[in-house]
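In our numbering, the protein residues as written are 42 to 371.
Since the structure comes first, as structure tokens, the remarks are kept for the end.
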Amino acid sequence: MTAPLPRAVRADELGPPANYALVDHDPGPPSPTQVRISIRAAGISFVDVLTAGGGYQVKPPVPFIPGSECAGVIEAVGSEVSDLAVGDKVVASGWGGMFAEAVNLPARVVRRMPEALSFEEAAVFPVSYATAWHALVDRGQLTAGETLLVLGAGGATGYAAVQIGRHLGARVIGSASSEEKRALALAGGADAAIDARGGDWRDQVKAANGGKGVDVVFDPVGGEATDPAFRSLAWNGRHLVIGFPGGIAALKTNLPLLKGASLVGVDIRQFGIFEPEKSEANRDAVFALAAEGKLRPAVARTYPLEEFRAAMADAAAGKSAGRVVLVMGD
42 MTAPLPRAVR ADELGPPANY ALVDHDPGPP SPTQVRISIR AAGISFVDVL TAGGGYQVKP
102 PVPFIPGSEC AGVIEAVGSE VSDLAVGDKV VASGWGGMFA EAVNLPARVV RRMPEALSFE
162 EAAVFPVSYA TAWHALVDRG QLTAGETLLV LGAGGATGYA AVQIGRHLGA RVIGSASSEE
222 KRALALAGGA DAAIDARGGD WRDQVKAANG GKGVDVVFDP VGGEATDPAF RSLAWNGRHL
282 VIGFPGGIAA LKTNLPLLKG ASLVGVDIRQ FGIFEPEKSE ANRDAVFALA AEGKLRPAVA
342 RTYPLEEFRA AMADAAAGKS AGRVVLVMGD
């Protein structure tokens, strides 16, 4: 009997999940510099759904298979690949192609999976943790003893920032919109968790930090959250712009002047393009910490590949405490 072809989620036109269908898709053998991965789990982020819908600042070519991070097992290696082998458990991140049962990827974007993580956890590890590390270490220059305020602390990059902030020795205040997400932030190492929807939000931030301003804001939310968060900075504070699912905020330019503060952009995709060696060193650092059990993502829910539309809707809604993951096979 012939084995069934692997499947993938694909659309000929960017748009809502209804545009996408589960189709047969065999990527074929890998090129000399690629590996072929049998995918076991793929993460779904807000950005994945935004990109699939054509709403991201960079639009992918069609036909398009969404998905930017996965975990699985190598089933073939290209002739020039020497450091990976068939049977290796690996994780990978890239630009689309991972809502699928098989994918060919450049060996340079593939890493062995930390043994401490499951396939589901590993699938959502690389992008969020590399982003949070780049933001806090490179862009925010967060140091031990400083205070870090994390917006969206129960979300993908927010939860990663809570764990990394704690690892770096900062006092971490998590802000989240539900009791479940605040509980997750505390479980991840936050010293305090506040209600993102509270009318006295700035007072809550100040109270959680002994009446003082915070040193670094990690902001993957945007919209109405950005202005009060920037106003909560101490002298010489740094506000890190990670994303803006809440909308693009307008910030008065007198605020950075009055606080001696900085508004700092964080773009993990371009960082990898312009500073590839530093990007790889950062990934070495977070993968080593994952292997030691010091960094671990939280998975809220898993969906079988057949239920990709429901999974995409869940990720887009942003209400889950932890990550949404597609699982392939058994």
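Glycine is no exception: its CB is placed at the ideal position from the N, C-alpha and C atoms.
Quantities reported herein were computed from a predicted structural model and do not represent experimental measurements.
Problem - Residue of A62, F259, G278 and I214 minimising C-alpha distance to G251 - result: The shortest Cα separation from G251 among A62, F259, G278 and I214 belongs to I214.
Handout entry: CA-to-CA distance, G69 to G119, given in whole angstroms
Key = Each residue's alpha carbon lies about 12 Å from the other.
Practice task
Please confirm if the stretch 126 to 142 is in contact with the stretch 102 to 116, defined as three or more CB-CB distances below 8 Å between the two stretches.
Solution key: Short answer: they touch.
Practice task
May I ask which residues mark the beginning and end of the alpha helix (DSSP H) holding N323?
Solution key: Element bounds for N323: P317 to A332.
Exercise for the section: Check each candidate in L91, V144, Q98 and G137 and name the one with the smallest Cα separation from S72. Expected result: It is V144 whose Cα lies nearest to the Cα of S72.
Handout entry: Straight-line gap, V246 to G186 (C-alpha atoms, nearest Å)
Key = Each residue's CA atom was taken as its position, placing V246 and G186 some 17 Å apart.
Practice task
Taking 8 Å as the threshold, find out whether the stretch 218 to 232 comes into contact with the stretch 180 to 200 through three or more Cβ pairs.
Solution key: Touching, per the Cβ criterion.
Handout entry: Between the CA atoms of K293 and L158 - distance to the nearest angstrom
Key = Looking at the backbone, the Cα of L158 and that of K293 are separated by about 43 Å.
Problem - Three-way DSSP call (helix, strand, coil) for L209 in this model - result: The answer is coil: DSSP assigns L209 none of H, G, I, E or B.
Exercise for the section: Enumerate in chain order the residues of its own chain whose CB-to-CB distance from R279 is below 6 Å, with the five nearest sequence positions on each side excluded. Expected result: Taken in chain order, the residues that qualify are G181, V257, S303 and V305.
Handout entry: the stretch 156 to 176 contacting the stretch 337 to 353, beta-carbon criterion three pairs below 8 Å
Key = Yes: at least three Cβ pairs fall under 8 Å.
Handout entry: Rounded C-alpha distance that separates R48 from A171
Key = Distance between the alpha carbons of R48 and A171 is about 29 Å.
Practice task
Identify which residue in G206, T188 and A148 has its Cα closest to the Cα of V327.
Solution key: Minimum Cα-Cα distance from V327 among the listed residues G206, T188 and A148 corresponds to G206.
Problem - CB of E364 within 9 Å of CB of V165, strictly - result: In the sequence under discussion, the amino acid at residue 364 is Arg, which differs from the Glu named in the question. Annotated as proximal: R364 and V165, with beta-carbon spacing under 9 Å.
Problem - Cβ of A362 within 9 Å of any chain C Cβ - result: Here chain C cannot be found, since the structure has a single protein chain.
Problem - Test item: CB-CB of L190 and S169 under 9 Å - result: In terms of Cβ geometry, L190 and S169 do not form a close pair [threshold 9 Å].
Problem - Assigned exposure category for S123 - 16 Cβ within 10 Å defines buried - result: It is exposed - the Cβ of S123 has fewer than 16 other Cβ atoms within 10 Å.
Problem - 8 Å Cβ shell around R243 - same chain, five flanking residues per side excluded - result: These residues qualify, in order along the chain: P269, R272 and S273.
Handout entry: Close Cβ partners of P297 (< 7 Å) along its chain, the five nearest in sequence each way excluded
Key = Beyond the five residues adjoining it in sequence on each side, P297 comes within less than 7 Å, by CB distance, of S303 and L304 in the same chain, given in chain order.
Practice task
Please name the residue in P104, P57 and I106 whose C-alpha comes closest to that of D355.
Solution key: For the options P104, P57 and I106, the alpha carbon positioned closest to that of D355 is the one of P57.
Handout entry: Of the listed residues F259, P167, Y200 and P261, nearest to G230 (C-alpha basis)
Key = Of F259, P167, Y200 and P261, the residue nearest in Cα terms is Y200.
Practice task
Report the three-state DSSP secondary structure of L192 (helix, strand or coil).
Solution key: Reduced to three states, the DSSP call for L192 is strand.
Handout entry: Where R337 sits in the DSSP three-state scheme
Key = Reduced to three states, the DSSP call for R337 is coil.
Exercise for the section: Indicate the three-state DSSP secondary structure (helix, strand or coil) for W242 in the structure shown. Expected result: It is helical.
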